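Residue numbering for the sequence shown is 317 to 642, as defined by this note's numbering. We treat Cβ as the ideally placed atom computed from N, Cα and C, and that holds for glycine. Remember, it's a predicted structure, so these values are computed and weren't measured experimentally. Data first, discussion second: the structure below is written as structure tokens.
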Amino acid sequence: MRRFLFLLLVIAFCLSAQKVEGKTIVFKDKLGRIIKIDVPVKRAVILSGYEILPALNCQDRIVGISRWAFKEEFLRSWLRRAKKDIVPMGTASDVNMEMLIKVKPDVVTIWTSKPELIKFMEERGLKVIGIYPESLRDLYETMDLFGKLFNEERKIKEVERRMEEIFILIKSKTRDIPVRSRKKVLWLWGSPTRVAGGKSLEGSVLELMNVVNPASHYKATGVDVSMERIMKWNPDVIFIWGSAKYDVEDILNNPQWKTINAVRRGKVFKAPNWSTWSPRLALIALWMAEKTYPERFPSSTVSKICADFYEKVFGMSDGELKNLLK
317 MRRFLFLLLV IAFCLSAQKV EGKTIVFKDK LGRIIKIDVP VKRAVILSGY
367 EILPALNCQD RIVGISRWAF KEEFLRSWLR RAKKDIVPMG TASDVNMEML
417 IKVKPDVVTI WTSKPELIKF MEERGLKVIG IYPESLRDLY ETMDLFGKLF
467 NEERKIKEVE RRMEEIFILI KSKTRDIPVR SRKKVLWLWG SPTRVAGGKS
517 LEGSVLELMN VVNPASHYKA TGVDVSMERI MKWNPDVIFI WGSAKYDVED
567 ILNNPQWKTI NAVRRGKVFK APNWSTWSPR LALIALWMAE KTYPERFPSS
617 TVSKICADFY EKVFGMSDGE LKNLLK
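In structure tokens, the structure reads:
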């Protein structure tokens, strides 16, 4: 009887393992393509969405990643935990195709700006997922996808819960601001006259901050506008994309901008050089709220929330975080 029960347990375990290893997910990517893929994947190349990875325990299943992931110590420290080399594969717009094909990935994630590149990869037998989060909902869906790809669904849901705590805090602290007293805030992209519209993650952040985004009526991630238009909007606060090639001083010292409220009051800030396709979007939102309404978001409270987030989401100790921010 004992042998029989033992045999049943072994069979049950094998069937359970087979179910996990042999699961197939079906979903629609950002290009509207229906994709089927067996999960959890064992060999992934992440050209877009790589900032989601540090929240997951999946280093050993990444065989290639965007070279931008090697530019920041936070991501480099995560990459060092892998028990194998993770190869830089170029970028989402300039892929090292020879190396990509050589590593034989189970899946590739890439943004959708070049559909012809995705088609080129698929013609060579690669399984490619196009992503491009344009809202908080899109970001959560992308994070959910990563959770499924790496069998980390429970962890992803916990990460999203902690992000939501910060977003709810921001909304609750700014909800009572009268409409007439709300700050006008612009997010500038790679060009100072390219602004975040209403259909963007950054636009979503501005919305939950209860500020006025003068460009919100543009249903686009980014839109080019004239300098005259920006002067007419006269924003109170300006944020610059962290990867922009220009800095705060370039705006403050430009005579064309001198009459704008944000410039006259020194309320121009450059965001951290992080991808907003990331759990750290919550921290960027909190930082933006602090800069916009400092009286409602004391810096000591913001620092504590950030440290707690790094510890709970990324498993970083206070000492590791201090070394990272040096």
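The C-alpha of M459 lies about 26 angstroms from the C-alpha of K586.
Remark: C-beta atoms of P404 and F390 do not approach each other more closely than 7 angstroms. Taken in chain order, the unbroken stretches of beta strand (DSSP E) that lie wholly in the region 554-608 and span 3 residues or more are 584-586. In this structure, the alpha-carbon of K435 lies about 39 angstroms from that of I482. Put simply, of W549, F555, E388 the residue whose alpha carbon is nearest the alpha carbon of M604 is F555. Using a 10 angstroms sphere on the CB of M547, the tally of other CB atoms stays under 16, which defines it as exposed.
If you draw a straight line from the Cα of I621 to the Cα of L347, it comes to about 36 angstroms.
Here S488 is exposed. Its C-beta has fewer than 16 other C-beta atoms within 10 Å. For V411 and P571, the gap between their C-alpha atoms comes out near 40 angstroms.
Counting the other CB atoms within 10 Å of its CB gives P431 a total below 16, which places it among the exposed residues.
Comparing C-alpha distances from L597 to each of L372, L416, L455 shows the shortest one belongs to L455. Residue pairing by DSSP leaves R545 without any beta bridge partner. For K418, the secondary structure class from DSSP, reduced to helix, strand or coil, is helix.
Non-local C-beta neighbours of D566 in its own chain, meaning closer than 8 angstroms and more than five positions away in sequence, comprise P508, ordered along the chain. Along the length of the region 465-509, whole alpha helix (DSSP H) runs at least 4 residues long occupy 469-490, reported in chain order. Between the alpha carbons of M632 and E438 lies a distance of about 38 angstroms. If only uninterrupted beta strand (DSSP E) runs of at least 3 residues are considered, those enclosed by the region 391-461 are 423-427, 444-447. Judged by pairs of C-beta atoms under 8 angstroms, the region 368-386 touches the region 418-428, as three or more such pairs exist. DSSP places V618 inside the alpha helix (DSSP H), whose first and last residues are 615-630. One thing to note: K583 has its Cβ within 7 angstroms of the Cβ of V553.
About 5 angstroms separates the beta carbon of S520 from that of S451, a gap short enough to meet the 8 angstroms contact definition. The Cβ-Cβ distance between G441 and D345 does not fall below 7 angstroms. Within the same chain, no Cβ atom closer than 6 angstroms to the Cβ of P494 is found once the five residues on either side in sequence are excluded.
With respect to the C-alpha of R498, the residue from T407, P530, K535 having the closest C-alpha is P530. Each of L465, R392, R453 was checked against the Cα of T425, and the nearest Cα belongs to L465.
V539: member of the beta strand (DSSP E) spanning 538-540, first to last residue.
If you draw a straight line from the Cα of S542 to the Cα of W573, it comes to about 12 angstroms. Assignment of G463 by DSSP, reduced to helix, strand and coil, places it in the helix class.
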